[in-house]
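Asks: Could you have a look at this structure, given as structure tokens, before my questions?
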Amino acid sequence: GQPVNQKTIEAIVKAVDVPVQVGGGLRNYSAVASVLALGVQQAILGTVALERPQLVSNLCQEFPDQIIVGIDARDGKVATKGWLETSEVLATDLARQMAKFKVAAIVYTDIHRDGTLKGPNIEALRELATAVNIPVIASGGVSSITDLLSLLALEPIGVDSAIVGRALYTGDISLTEANQAVGQGRWQDVPPNLGYSAFA
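According to my numbering, the sequence shown is numbered sequentially starting from 813.
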């Protein structure tokens, strides 16, 4: 519930010339403001979006285009507190509410796919993307260039980015091949262990 990596985040921001997004433990105004003050482009909020939606609304007004909401779902319902709890709120309903607050994007993670290298949940992403009019970032399960291309097909309905993590560490996807597959200049990479965002 409390961010503990400010020094590391600040070092990353200073070391790279790509936009940095930070998520994890950002559950109050001061935590969000502090990471943005480090030069982070966007803060990703998770549990707080469900538990304190008014805070998200206030942050979006104060930091326009800098607030992203991460929605982690298990069987279509929002999971919180590091996936330890599953609510009765549908991911699509929470996404609609966050879109009204004008969050910059939704990071959608299918818990059953994350880290499995079994491919993203295309149907769940399609359902979420068609429910809102803001960008959706796909997270979880991307294991191959084929997966990236299948996600690229969802770009017209709003899935404009994908997070690739484990597949890069295992060598199942190379940056060079991904860049060629999704188009030059459409790949953004960030430091190791923080994941990668494709066709952003």
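Glycine is no exception: its CB is placed at the ideal position from the N, C-alpha and C atoms.
Output the distance between the C-alpha atoms of Val860 and Leu961, rounded to the nearest integer angstrom.
Replies: The residue given as residue 860 occupies position 48 in the sequence shown. The residue given as residue 961 occupies position 149 in the sequence shown. Each residue's Cα considered, the two are about 32 Å apart.
Asks: Relative to the C-alpha of Ala917, which residue among Ser955, Ser869, Ala891, Gln878 is closest?
Replies: The residue you call residue 917 lines up with position 105 of the sequence shown. Out of Ser955, Ser869, Ala891, Gln878, Gln878 has the C-alpha closest to the C-alpha of Ala917.
Asks: Compute the beta-carbon to beta-carbon distance between Ile957 and Ile985, rounded to the nearest angstrom, for a pair I have assumed lies under 8 Å.
Replies: Working through the sequence shown from its first residue, we reach residue 957 at position 145. Working through the sequence shown from its first residue, we reach residue 985 at position 173. That belief holds up - the Cβ atoms of Ile957 and Ile985 are roughly 6 Å apart, short of 8 Å.
Asks: Could you give the DSSP three-state label for Ala965: helix, strand or coil?
Replies: Taking the sequence shown and counting its residues from 1, one reaches residue 965 at position 153. It is coil, neither helix nor strand.
Asks: Let's see if you can read the secondary structure: which residues bound the beta strand (DSSP E) around Arg886?
Replies: Sequence index remark: in the sequence shown, residue 886 carries index 74 (1-based). Arg886 -> beta strand (DSSP E) spans 879-886.
Asks: Run through the DSSP bridge pairs and tell me what Ser869 is partnered with.
Replies: Here residue 869 corresponds to residue number 57 of the sequence shown, with the count starting at 1. In DSSP, Ser869 forms no bridge with anything.
Asks: DSSP three-state call for Leu850: helix, strand or coil?
Replies: In the sequence shown, residue 850 corresponds to position 38, counting from 1. Looking at Leu850 - three-state DSSP - the assignment turns out to be coil, as it is neither helix nor strand.
Asks: Using alpha carbons as the reference points, say which of Ser951, Pro932, Phe913, Ala907 lies closest to Gln942.
Replies: Position 130 of the sequence shown, counting from 1, holds the residue named residue 942. The displayed chain sequence assigns Thr, not Gln, to residue 942. Ranking Ser951, Pro932, Phe913, Ala907 by Cα distance to Thr942 puts Ala907 first.
Asks: I'd like to confirm the pairing. Which residues does DSSP put opposite Lys889 in its beta bridges?
Replies: One-based indexing of the sequence shown puts residue 889 at position 77. In DSSP, Lys889 forms a bridge with Arg886, Leu902.
Asks: Quick check on the DSSP output: the alpha helix (DSSP H) that includes Ala943 runs from which residue to which?
Replies: Taking the first residue of the sequence shown as 1, we reach residue 943 at position 131. Unbroken alpha helix (DSSP H) run through Ala943: 934-943.
Asks: Give me, in chain order, the residues of the same chain whose beta-carbon lies closer than 8 Å to that of Gln818; leave out the 5 immediate sequence neighbours on both sides.
Replies: The sequence position of residue 818 within the sequence shown is 6, counting from 1. Here the set comprises Ser846, Val847, Leu850.
Asks: Going by Cα to Cα distance, which pick from Lys912, Ala911, Asp887, Gln909 is closest to Glu900?
Replies: Within the sequence shown, the letter at position 88 stands for residue 900. Comparing Cα positions, the closest option is Asp887.
Asks: I need the boundaries of the alpha helix (DSSP H) containing Ala979, first residue and last residue.
Replies: Here residue 979 refers to the residue found at position 167 of the sequence shown. From DSSP, the alpha helix (DSSP H) with Ala979 extends over 978-982.
Asks: Can you find at least 3 beta carbon pairs, one from the stretch 908-915 and one from the stretch 856-876, that sit closer than 8 Å?
Replies: yes
Asks: When the Cα of Leu940 is compared with those of Asp972, Val954, Ser955, which residue comes out closest?
Replies: Counting from one through the sequence shown, the residue named residue 940 turns up at place 128. Considering only alpha carbons, the answer is Asp972.
Asks: In three-state terms, what does DSSP make of Ala916?
Replies: Mapped onto the sequence shown, residue 916 falls at position 104. It is coil, neither helix nor strand.
Asks: By the three-class DSSP mapping on this structure, what secondary structure does Leu1006 have?
Replies: As a working mapping, residue 1006 is identified with position 194 in the sequence shown. Caution applies to Leu1006, whose pLDDT of 42 falls short of 50 and renders its modelled position unreliable; the value that the coordinates give is listed next. DSSP places Leu1006 in coil when its eight states are reduced to three.
Asks: With H, G and I counted as helix, E and B as strand and the rest as coil, what does DSSP make of Ile824?
Replies: Residue mapping note: residue 824 aligns to position 12 of the sequence shown, counting from 1. DSSP places Ile824 in helix when its eight states are reduced to three.
Asks: Looking only at its own chain, which residues have a Cβ that is under 8 Å from the Cβ of Gly970, when we skip the five neighbours before and after it?
Replies: Position 158 of the sequence shown, counted from the first residue, corresponds to residue 970. Closer than 8 Å at the Cβ level, and outside the excluded window around Gly970, lie Ala941, Thr942, Val944, Asn945, Ile946, Pro947, Val948.
Asks: Identify which residue in Ala823, Val830, Gln854, Gln992 has its Cα closest to the Cα of Gly836.
Replies: As a working note, residue 836 is residue 24 in the sequence shown. Taking only the C-alpha atoms, the option nearest Gly836 is Gln854.
Asks: Taking the alpha-carbon positions, what's the Gln833 to Ile821 distance?
Replies: As a position in the sequence shown, residue 833 is number 21, starting the count at 1. As a position in the sequence shown, residue 821 is number 9, starting the count at 1. Near 10 Å, if we compare the C-alpha coordinates of Ile821 and Gln833.
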